[in-house]
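Novice: So the protein lines, in turn, are chains F and L. The letter at position 106 of the first sequence is residue 1037 when you use the working numbering, and the numbering goes up by one with no holes. The letter at position 42 of the second sequence is residue 973 when you use the working numbering, and the numbering goes up by one with no holes.
Protein chains: 2
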Amino acid sequence: MKYTITDLSKKFDLPASTIRYYEKIGLLENVEHINSRRSYDDSHVDRLNAIECFKKALLPLDEIRLFFTYEKDMASNADKILDMMKDQEAKTLDAIDALQAGLTHLKKKIRFYSLVSESVKNNSPLPKWEDVNP
Amino acid sequence: MKYTITDLSKKFDLPASTIRYYEKIGLLENVEHINSRRSYDDSHVDRLNAIECFKKALLPLDEIRLFFTYEKDMASNADKILDMMKDQEAKTLDAIDALQAGLTHLKKKIRFYSLVSESVKNNSPLPKWEDVNP
DNA sequence: ATACAACTTGAAGTTAACTTTAACTCAAGT
DNA sequence: ACTTGAGTTAAAGTTAACTTCAAGTTGTAT
């Protein structure tokens, strides 16, 4: 199956400029140019799927590219890939922990300012932070 | 209690340049300058604590600053603050979801490349992705 | 034939959140 | 008095991941 850049743009909800950028930095390879237009196939769809997954794990684009070069000779590079993935797993877990702490903080603020808002509507005394979040 | 910039730098594990930067962009206010040196007090410690919490929730610095200005008249601004926090709560939850999806992807890669690594050591045939992660 | 939309290129611009640099001041210790 | 180390400033530089721009080309519809 063949795809234009607009096909992929829609499929992955990425601007065409981003897809060209990924090619430029070596994340997308072997892109055919037919009539001076880019033409992609399913290998590129797979690549973009993988890229999106890695991006969700916060892997930087140059690490993603490194992964793809390792992957070409995965027998020799399995251990390097494993290190990379385990490293990133730890970072991703840390990021989740930080987000969860942040979320807890937000929830406290939401609880407190809900009461503040209520008090204002009722002309009643404002709550104190320590009373709401002891 | 009074603190030098180095005290805060150590306490929050932030470079002094970052603390100066936060003052410059209005996140830290009313910093005394004694003998042309910055001198902080507990209100600044509280501020930095709050900033760190919001940063964990991915709130951008200019939103954090906006929060602090709203907070000065919290009775009038409770609803604005609530909107802001609820908005950010949704974004933070989305970010957690994305990270968890990313984590799942990493774990699959780790499973697969562990087997690849084993196979290489045993001179046995390499696994297939579909067999490992069906 | 002509207009138009979609695509092309390389280069420059954008954004957030810092970081670095250069040149300077100041107080304390030897 | 002199050195050292911590702090000061404004301005410029950095990084990642794009995005925008200007100028040109191509295929299709009228």
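Glycine residues also receive a C-beta, built at the ideal position from the N, C-alpha and C atoms.
1. Measuring only the C-alpha atoms, how far is Y1044 of chain L from K986 of chain L?
2. Spatial neighbours of K1011 of chain L within its chain, please: C-beta separation below 8 Å, excluding the five flanking residues on both sides.
3. Reducing DSSP to helix, strand and coil, say where E960 of chain F ends up.
4. I'd like the span of the alpha helix (DSSP H) that includes S974 of chain F, first residue to last.
5. If you check the beta carbons only, do E1020 of chain L and I1041 of chain F fall under 8 Å apart?
6. Would a check of beta-carbon distances place K1040 of chain L closer than 8 Å to chain F?
7. Report yes or no: do the stretch 939-946 of chain L and the stretch 1045-1063 of chain F share at least 3 C-beta pairs separated by less than 8 Å?
8. Could you name the residues of the same chain whose beta carbon sits closer than 6 Å to that of Y934 of chain F, not counting the 5 residues immediately before and after it, in chain order?
9. Could you check the C-alpha separation between L939 of chain F and N1008 of chain L for me, to the nearest Å?
10. Is G957 of chain F near the ligand ZN, in the sense that its beta carbon is under 7 Å from a heavy atom of that ligand?
11. Can you find the residues in the same chain that come closer than 8 Å, C-beta to C-beta, to H964 of chain F, ignoring five residues on each side of it along the sequence?
12. Thinking just about the alpha-carbon of each residue, which of F:K941, F:I982 and F:K942 is nearest to the one in G957 of chain F?
13. Could you tell me whether any Cβ in chain F is nearer than 8 Å to the Cβ of H1036 of chain L?
14. So, under 8 Å CB-CB, V931 of chain L and L1057 of chain L are touching, yes? Tell me the CB distance rounded to an integer number of Å.
15. With a threshold of 16 other CB atoms inside 10 Å of the CB of L959 of chain L, please say whether the residue is buried or exposed.
16. Quick one: list the residues of chain L neighbouring I1027 of chain F, beta-carbon separation under 8 Å, in chain order.
17. Please determine, among F:M1005, F:N1054 and F:F999, the residue with the shortest C-alpha to C-alpha distance to K1052 of chain L.
18. For D1062 of chain L and chain F, any beta-carbon pair shorter than 8 Å?
19. Kindly indicate which residue of L:H975, L:L989 and L:D993 has the alpha-carbon position closest to the one of L1024 of chain L.
20. Using a beta-carbon distance below 8 Å, is S967 of chain F in contact with chain L?
Specialist: This is what the structure holds:
1. 35 Å
2. Y1001
3. It is coil, neither helix nor strand.
4. D973 to K987
5. yes
6. Closer than 8 Å to the CB of K1040 of chain L there is at least one CB belonging to chain F.
7. Counting Cβ pairs under 8 Å, fewer than three are found: no touch.
8. Y971
9. 44 Å
10. Here there are no bound small molecules, and the ligand ZN is not part of this structure.
11. S970
12. F:I982
13. yes
14. Lying outside 932 to 1065, the shown extent of chain L, residue 931 of chain L is not represented and no answer is given.
15. buried
16. I1027, L1030, Q1031 and L1034
17. F:M1005
18. no
19. It is L:L989.
20. no
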